[in-house]
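Numbering (my numbering), first residue to last: 18 to 341.
1. Out of 118, 264, 238 and 267, which has the shortest C-alpha to C-alpha gap to residue 109?
2. Which of helix, strand or coil does DSSP assign to residue 220?
3. Checking the sheet assignment: what are the DSSP bridge partners for residue 170?
4. For a test of the three-state rule: what should DSSP assign to residue 141, helix, strand or coil?
5. Please confirm whether residue 94 and residue 73 have their CB atoms less than 8 Å apart.
6. Should residue 123 and residue 160 be called a contact, given that it needs their Cβ atoms to be closer than 8 Å?
7. Smallest Cα separation from residue 298: which of 308, 277, 181 and 264?
8. Is it right to say residue 102 is buried, meaning 16 or more other beta carbons lie within 10 angstroms of its own, or is it exposed?
9. Which of the three DSSP states, helix, strand or coil, is assigned to residue 134?
10. Pick helix, strand or coil for residue 301, following the three-state DSSP scheme.
11. Just mark residue 235 as buried or exposed, buried being the case when its beta carbon has 16 or more other beta carbons within 10 Å.
12. For residue 99, is the classification buried or exposed, using 16 other Cβ atoms within 10 angstroms of its Cβ as the cut-off for buried?
13. Kindly give me the distance between the Cβ atoms of residue 92 and residue 54, rounded to whole angstroms, as I take these residues to be in contact under 8 Å.
14. Per DSSP, what kind of secondary structure is residue 88 in: helix, strand or coil?
15. Just to confirm, are residue 150 and residue 182 a CB contact at a threshold of 8 Å?
16. What does the alpha-carbon distance come out to for the pair residue 296 and residue 60?
17. Which of the three DSSP states, helix, strand or coil, is assigned to residue 251?
18. Take residue 127 and list the residues in its own chain whose beta-carbon comes closer than 7 Å to its own, dropping the five residues that flank it on each side.
19. Alpha carbons only, please: which of 248, 57 and 75 is nearest the one belonging to residue 145?
20. Between which two residues does the alpha helix (DSSP H) harbouring residue 60 extend?
21. Around the Cβ of residue 204, are there at least 16 other Cβ atoms within 10 angstroms (buried) or fewer (exposed)?
22. Which residues in the same chain as residue 293 place their Cβ atom closer than 6 Å to its Cβ, once the five residues preceding and following it in sequence are excluded?
23. Would you check if the distance between the CB atom of residue 276 and the CB atom of residue 258 is smaller than 8 Å?
24. Under the rule that 16 or more other beta-carbon atoms within 10 Å means buried, what is residue 84, buried or exposed?
25. From residue 82 to residue 75, what does the alpha carbon distance come to, in whole angstroms?
26. What are the residues that DSSP puts in a beta bridge with residue 161?
27. DSSP three-state label for residue 51, please.
28. Between the C-alpha atoms of residue 80 and residue 62, what's the straight-line distance to the nearest angstrom?
29. Go to residue 277, then tell me how far its beta strand (DSSP E) extends in each direction, as first and last residue.
30. When you compare the CB positions of residue 113 and residue 166, do they come within less than 8 Å of one another, or not?
31. Give me the residue from 140, 271, 255 and 147 with the minimum Cα distance to residue 129.
As C-alpha cells, then:
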C-alpha cells in the first residue's frame with residue numbers, strides 16, 4: 018500500500034512525502050517446516066526401539082499420476098508393568114523463515130476409534146503421549162505433527178512417526194527346563210541314594226539384554242505348595258532342610274541350594290521322594306521336578322551320613338536366559 022503526504026505552510030511552501038506500507042504477514046509466502054524428535058529419556062531407552070520405516074502418501078502425485086510416498090520412521094513401544102508407556106516428543110527443530118511459528122497440532126490416528134488432536138502454542142515445543150492399547154497385526158499408531166505459521170500457513174510435507182505397541186513380556190519366550198544329569202556329582206544314581214544331603218548348584222547365564230537381577234531359584238522336598246507361601250514359612254522349612262532358595266541372581270551368578278533327605282531313609286525298604294524345582298524370572302514361572310529313590314538303611318546308619326552328600330548338577334534354560 019502507498020501513502021502520499023502533502024505538507025503546506027502559511028507562506029505557500031509545500032512538500033510531499035511518499036510512504037510504502039507493507040503487511041509482513043501477507044508478504045510471508047513460505048510455509049513452515051515440521052520436524053519431530055523423540056526425547057531419548059529413560060522411558061525411551063527402556064521401552065522404545067527403532068524397527069524401520071513405513072511408507073505413506075504425501076497427498077501429491079507425480080507427472081505420471083502416481084502417488085508420491087514418504088518414508089516415516091517406525092518404532093516399537095513396549096508397555097511397562099503399569100500397562101502404559103509415556104513418550105515425550107519435541108518439535109523444537111521445526112522452523113519458519115517468515116512470520117514465525119504460530120502453533121503446533123499433534124494428531125494421533127489408530128489409537129481408538131477417533132483421531133485425537135492436541136493444539137499447542139508455538140512457544141510450547143514438547144508434548145507427551147501415553148500409549149495404553151496394543152496394536153494388532155500390521156496395524157500401527159500414527160503420530161503426525163502439523164506446524165502453522167502466524168499467517169496460518171501449514172507445512173507442505175507430512176511429518177509422521179509410526180508405532181507398534183506390544184505387551185510387557187514381548188520378546189520373552191516361555192520358559193523351558195532341562196536337566197542334563199540324573200546322578201549326583203560323586204556318581205551316585207538317583208535310583209539308589211545313600212546320601213543325607215543333596216546339593217543343587219549352577220550358574221546363571223542370562224542372554225537377555227536387560228541388566229535386571231531378577232532370577233530366583235527354589236528347591237523343595239516333596240512340598241510343591243511351599244513356593245506360594247510366606248517367607249516366614251519358607252525360612253522355617255529351610256531350617257529343617259526341606260526347602261532352600263536364592264534370589265536376586267544376575268548373569269554369571271552362581272547358586273547353591275541344599276536339601277536334607279535323611280528322613281527319607283527306611284530300615285527295611287527303599288523310599289521315594291520328589292525334589293520340586295521352581296525358577297522365576299520376571300513374570301515367568303516354571304516348575305519341574307526330580308524323583309529320587311533311597312536305599313534301605315540300618316539303625317546304625319539312621320544317625321545320618323553328612324559325609325556322603327551328593328551334588329546335583331542342574332541345567333535349566335529359559336526363553337531369554339540359560340541357567341545351568
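Cβ coordinates follow ideal geometry from the N, Cα and C atoms, glycine included.
So, from the data block:
1. 118
2. strand
3. Paired residue(s): none; residue 170 is not in a bridge.
4. coil
5. no
6. yes
7. 264
8. buried
9. strand
10. strand
11. buried
12. exposed
13. Their Cβ separation, rounded to whole angstroms, is 12 Å, which puts residue 92 and residue 54 out of contact at 8 Å.
14. strand
15. yes
16. 28 Å
17. helix
18. 156, 157, 158 and 159
19. 57
20. 59–64
21. The predicted model places residue 204 with a pLDDT of 45, which falls under 50 and marks its position as unreliable, so this point remains unresolved.
22. 237, 241 and 306
23. yes
24. exposed
25. 13 Å
26. 124 and 177
27. coil
28. 43 Å
29. 271–277
30. yes
31. 147
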